[in-house]
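Residue numbers (numbering that gives the first Met the number 0), protein chains in the order written: chain A, 0 to 316; chain B, 0 to 163; chain C, 0 to 780. No residue lacks a Cβ here, since even glycine has one placed at the ideal position from N, Cα and C. Take a look at the structure below.
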Amino acid sequence: MRVTKPATLAEAIRFLSTNPEAKILAGGTDLLPRLNQKLEYHDLLCCLDDLPELQGISLTAGGGLYIGASLRLWELAETPALAGYLAIQQAAAKVASPQIRNQATLGGNLLQENRCMFFNNQVPWSDVNKCFKWGGNQCFQYKGSKECVALFQSDLAPAMMAHGAQAVLTGSGGERRMPVAELYLSAGRKAIAHDEVLTGLVLPPLPAGSRSAYRRWTIRGSFDFPLVSCAVRLKVEAGAVADCAVVFGSAGIMPKAIDTSLIMGMAAGDPQGLAQKLMPLINKAVAPFRDTRVNAGVRVDMAKDCMAKALAAVCSG
Amino acid sequence: MNATMYELELTLNGKKVKDMIPSDMLLIDYLRNVRLLTGSKKACGAGECGACTVLMNGRPIYSCITLALQAQGKEIETIENLSDGDTLHPIQEAYLDAGAVQCGYCTPGMIMSTKALLQKEPQPGTQCIKEAMAGNLCRCTGYQQIIEAVQLASERMEQRRRDS
Amino acid sequence: MNEYKYIGKPVRRIDGQAKVTGRAVYSDDVILPRTLHAKVLHARQSHAKILLLDTEQAKAYPGVAAVYTAKDIARNDKYFRMGDTKDTWVLAEEYVRYIGDMVAIVVAESEEIAEAALRLIKVEYEPLPVVSSLQQAKEAKDLTRCDKPGNVAMPIVVERGDVEKDFAQAAVVAGGTYTFPSLHQVHLEPNSATAVYNMGKLAVYCASQMWFHIREDISAVTGIAEKDIEIKPMMIGGAFGARNDQPLPVITALLAVMLKATVKMTNTRLEEFLACRPALGMEIETWIAADAEGNFLSKKTKLLSGFGAYSSDGDAVTAIACFRGDNNYRFRSTYVNGTGLYLNHAPTGAYRGFGNPQMHFALEQAIDELAVKLNMDPTELRLKNFMHNHETSIHGFRYETNGIRECMAQAKELMGWDEKRKNKTPGKGIGVAALIHCSGSRAGKPEFAGSSALLRLESSGALTVLIGESEIGQGMNTVCTQIVAEELGVDPLSVNVVMGDTSLTPFSTGTNGSKLTSNLGIAILFACKDLKKQMSDCLRERWGIGPVEIKNGAAYGEYTGEKIMSFDEAAVKCSHAFNGRPFYGVGIFEPKTDLGDATGYGNLAPAYPFGVQMAEVTVHDNGTFTVDKIVSVHDIGKTINSQMAMGQVYGGVLQGMAGVTLESLAINKEGIYQANTLLEYKPPTFLEMPEIVGSFVETIDPYGPYGAKCIAEPPIIAVAPAVANALYDAVGIRFEEAPITPAIFRKKLLEKQRENQRQNQPEKLPENQGQQRTNPKEAGS
Ligand SMILES: Cc1cc2nc3c(=O)[nH]c(=O)nc-3n(C[C@H](O)[C@H](O)[C@H](O)COP(=O)(O)OP(=O)(O)OC[C@H]3O[C@@H](n4cnc5c(N)ncnc54)[C@H](O)[C@@H]3O)c2cc1C
Ligand code: FES
Ligand code: FES
């Protein structure tokens, strides 16, 4: 395996467009474990965690924030600039472990691979008895599934979505923007071209009276990916719900946002009873995904718990 | 398949070093096999245990899931840098006094995490210690005496600061 | 009580400085010139016939020194000496029987080349039926192994007393079927070995709990005589039983011999999961019969244990599970029917507690069930039935000291048991479990039960303890120095310890059964006494000095009590009197114990440690639970190193708690470990720690050194049942199966809720009423 380390973004994009086999490496905390465990092979890596263009946080013209894609998670969690975007900071503060948060980037977190207990636990027959992730044509989660249904377990994606973040992609063809939610396609694919780099995220300005929170559920307090999580953003005006976003993480192949109009329809004023009203929506929001410790029922229960706690946090302030 | 070579320059344990290494070399392998700094251990190779913890620009990272070239131009500190000849670092002394070492395989990583913690938070409470050290597994000690060691080190370093 | 200077004190670890500075050399830190690197091809099928095994391409790969399969290995069937069954091979021959079974080995110039070449080996398998559960193995419709009909690796059937009669007379019978999974030791250091072959001789650098048995294994498969093999002990990164039976050093040695070279091999974490020896999973049906006052009469047990595809330590572990727990209580009769079954997963073996935690999980929950039926405080019920000092238990254990009652009293105090039972907090529960273990059981090893030690004195005054056991983190090397320091009055840090260098130390049966402090400690004590006598004799006979007594780091006149010369001066004089020879104090401890008769009856150990463990849990509104506190009180005999003893308690308790609440190999019906990573196996982190309160009861055993018994294994043994009993107390649900995963916990809670609903609507389901067991605690309040 060869690894290059371009000095500038332009150089990186040039390199990517001339080397279609190249795979981007940022912090490496998602990709390198799989390479070490022989779950994935690449001939060529393009390392961009230190690219100057991908660092830093700045104010946008519209009063929002621009966050470089290679910002490390610890910085995201601790920077005062993000104080109002609490769900994002809470999510960033909980990912994996301190060491991973020191090394991992925001971009890598949003673009991390989907995971599944069969593939990621190094089940040793997996590269013989190939599943979709190995280029085969079966899925061990759902026998008969037409494509991979592995779980997307990013902590930051739901938080970013709850805040309406836009992804900024830069490639040979220039720059484009799209809502973070649209990055995620079926079977764990990402809506990003091979020669494109996720350069940053744009957060809209925080509306007055709006608060957010993120809660996740794991078996252990450290290392573990969330088995389910929930980001909420709530805007209260004159004691009534004026706007609300609820996004579940680790809920399926992509984060699952509850339709805001649906929520607003049910919210009817008082934010206090909101959690209870939304409960029936959750059963459908969370995919019945198998794992070594939990089943679909537990996932739904915990999704409810996460949502209730997140809503309680934003309501109590 | 062949790895290209990469000219790596970094500050390793306070000294500037330069090495030609395969571009795909992991930082742990660079430290252990090229630099013969075998204090950092590889116990999982997947970011799941913390035995390979070293400091990069003062912050603990897993050297088993970091490429050596990601350390380009940075400062790396390993367990080998803590003691000075016959003088142990107060954290090392505290680990010995508190009984925080059993088999010792987690110890170098634990101590590096402790060092980073105490630099940032000189007097951490118990919960703060647990959160900051939660990226290091220990199978032997049940962690209690490690927490005591961190507290002891914190007290002694504080004392030392006051004395000087 | 005696006042000691070093015994009972928190003396610093002697290997501590090396460990905190990163200078300690573990097996993978060994870097020798001209080393070849080996990698194993592991089976990817749980059970299959090998149809094709083609290594030609791998052999041709540049940098490959050799590729071996079973047919290249002359003594392929000589591995493994510990199981009496002799049913294990170095490499798989015609069949593979578990995922991880070793099929071929590549040796190459580097690990990367070896790995690349591994991928070029072609294997084709014909899949065979997979036996993955104990129930399935018992039914024997499918066979784990075509060479072993019935899947039975080992049967044990023993009855003492008249079980049927006692059950017939019982006022109450309680029990059930309890399932304890196969757990992994998760020693943090993966196995690694470097073997150096040189002109017919072999040196192997590795980690082991049984240096001499590793040597025996190596000799068996290489054909090199044991006297030509030196095992070089490296620092060991944890063991917990996992380093009793280790294929890796044996294979590395074999490769070095076959290639007449230096060969190194290091396991990945995946290989540690797949190709090592996790603990035995067991399914235990046990019933206890008691009279109306709660006096135990009898116990009936049927036990199935999972050996995996080959035996390893399975037979010894199963035997201990069958018998040991019974000995804590007074039974008139007992019946045990144990069956070790082959399964298509990794061979299983020792893990801290050696089968005892599995049985305690069943027994101590059954006793709690009995307490519920009798409407008795479970601590009272146990106190009523514990054995006493100087009694002999139903399986022949003789107790010189038995501090179990003091343990119970202390545990109750530390938990606030009576208070918490009286004033129940909703959602909270407390549970108790008692334990018994052995200080130095022979675990079926026929050689001998004792230990021997050498204490070498050189003319420089340097003292070195030479013993054949291992330092696995438990702190035995420090205990050695404490004993020498106590006896001779020298600084413990000045004493050297060599553990396990087979060319220097006495033979040892290994580092297990919590026997080091109790047995080996005595041998070291004797070695000290022997050395002192030799020195004193020499000074008198050769130099006309004395008679002297060696103490406080000097030689004192025996009658005058005055210091005559320093210890170092005495050392020079002694050595010079004999042309420079070192003096060797020899210590031998031969405990008066039995190997056990054909039925397993006998006094297995010189001393028995007892303990009581209690757990407090909280069940949360969201349907999860946490373990808040664990109290762990141990009859340790005498504490040798207070700090290290407490370290064993903290470590053992957390392992025990994790085994019942977090950890799981998640073996599925295809025989696959679905948790092959630390991330998925889930050993506890700092954030899973409950509050652990440890305490010791010192009974001062007449056999152990200074009265010591042991502490390494006991703290893990009864944590799981204590937690399960606490959960019962909190929610009235019996968790017969570990680990109690969130999925299982939720399922049981829902079942209970439904049951409660039914109870509240008796008109709908009247027939259920009669069967409802009323919780006496609820009824009483
Ligand atoms: C033990 C362990 C526990 C973990 N727990 C969690 C957890 O709890 N929650 C969680 O969310 N994650 C977790 N992770 C996953 C991972 O560490 C994080 O998601 C991390 O943020 C990934 O960032 P990175 O920079 O290290 O990614 P990398 O590994 O460098 O990259 C990840 C992916 O993104 C692509 N990529 C990265 N940057 C860009 C870019 N700028 N443009 C285009 N493509 C890019 C890469 O090609 C790669 O496919 C865990 C990982 C481990 C090893
Ligand atoms: S070896 Fe790096 S985290 Fe385990
Ligand atoms: S001391 Fe053994 S793993 Fe921590």
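Listed along chain C is no residue with a C-beta nearer than 9 Å to that of P123 (chain B); the closest approach is about 12 Å. Listed along chain B are K129, E130 and A133, each with a C-beta nearer than 9 Å to that of G220 (chain A). Following the DSSP letters along the chain, one finds C479 (chain C) inside the alpha helix (DSSP H) bounded by residues M475 to L487.
Close to chain B, meaning a Cβ-Cβ distance shorter than 8 Å, are the following residues of the segment 188 to 218 of chain C: E188 and P189. When the five nearest sequence neighbours on each side are left out, the beta carbons in the same chain lying within less than 7 Å of the beta carbon of D728 (chain C) are those of G428, I429 and G430, in order along the chain. Contacts with chain C (Cβ-Cβ distance below 9 Å) from the segment 95 to 118 of chain A involve S96, M116 and F117, listed in chain order.
Nearest Cα to A410 (chain C) within the set C:T143, C:K70, C:E615 and C:G62: C:E615. Any Cβ of chain C closer than 8 Å to the Cβ of A45 (chain B) would place that residue at the interface, and such an atom is present.
Listed along the chain, the chain C residues whose CB falls inside 7 Å of the CB of N294 (chain A) are A742. Distance from the CA atom of K18 (chain C) to the CA atom of V53 (chain B), rounded to whole angstroms, is 16 Å. Remark: the C-beta of C51 (chain B) is in contact range of ligand 2, defined as less than 7 Å to any heavy atom. Under a criterion of Cβ atoms nearer than 8 Å, the residues of chain A adjacent to Q673 (chain C) are, in order, M116, F117, N120, V122 and T291. Under the criterion of beta carbons closer than 8 Å, S517 (chain C) and P605 (chain C) qualify as touching, at roughly 6 Å. The CB of D300 (chain A) comes closer than 8 Å to the CB of N621, G622 and R745 in chain C, given here in chain order. Counting along the chain, no alpha helix (DSSP H) covers S451 (chain C); the unbroken beta strand (DSSP E) around it starts and ends at S450 to L456. With a beta-carbon spacing of about 5 Å, A173 (chain C) and K372 (chain C) fall inside the 8 Å limit used to define contacts. For I691 (chain C), DSSP records a beta bridge to C:I629.
When rounded, the separation of the alpha-carbon atoms in N243 (chain C) and Y558 (chain C) is 50 Å.
Here T676 (chain C) carries a coil assignment [DSSP, helix/strand/coil]. Not flagged as an interface residue toward chain C: R34 (chain B), since no C-beta distance is shorter than 8 Å.
Annotated as proximal: M233 (chain C) and C205 (chain C), with beta-carbon spacing under 8 Å. Taking the Cα positions, P180 (chain C) is about 14 Å away from P720 (chain C). Judged by beta-carbon spacing, G706 (chain C) lies within the 8 Å limit of I699 (chain C), meaning their Cβ atoms are closer than that value. For V106 (chain C), no alpha helix (DSSP H) encloses it; the enclosing beta strand (DSSP E) starts and ends at M101 to A107. Around the beta carbon of E8 (chain B), fewer than 16 other beta carbons lie within 10 angstroms, which makes this residue exposed. The nearest non-hydrogen atom of ligand 3 is 7 Å or more from the C-beta of R289 (chain A). For a cut-off of 8 Å, the C-beta gap from G348 (chain C) to R268 (chain C) is around 19 Å, too long to register as a contact. Residue range V718 to V730 is occupied by the alpha helix (DSSP H) that includes D728 (chain C).
Where C45 (chain A) is concerned, there is no enclosing alpha helix (DSSP H), although the beta strand (DSSP E) around it starts and stops at L43 to C46. Going by DSSP, I75 (chain B) is part of no alpha helix (DSSP H) but of the beta strand (DSSP E) stretching over E74 to E76. W133 (chain A) sits in a helix when the DSSP states are folded into three classes. In this structure, K41 (chain B) has its beta carbon at no less than 7 Å from each heavy atom of ligand 1.
When Cβ pairs closer than 8 Å are counted between the two stretches, the segment 221 to 237 of chain A is seen not to touch the segment 142 to 149 of chain A, the count staying below three. For E270 (chain C), the CB stays at least 7 Å from every heavy atom of ligand 2. Proximity of L95 (chain B) to chain C, defined by a Cβ-Cβ separation below 8 Å, is satisfied.
The three-state secondary structure of Q612 (chain C), taken from DSSP, is strand.
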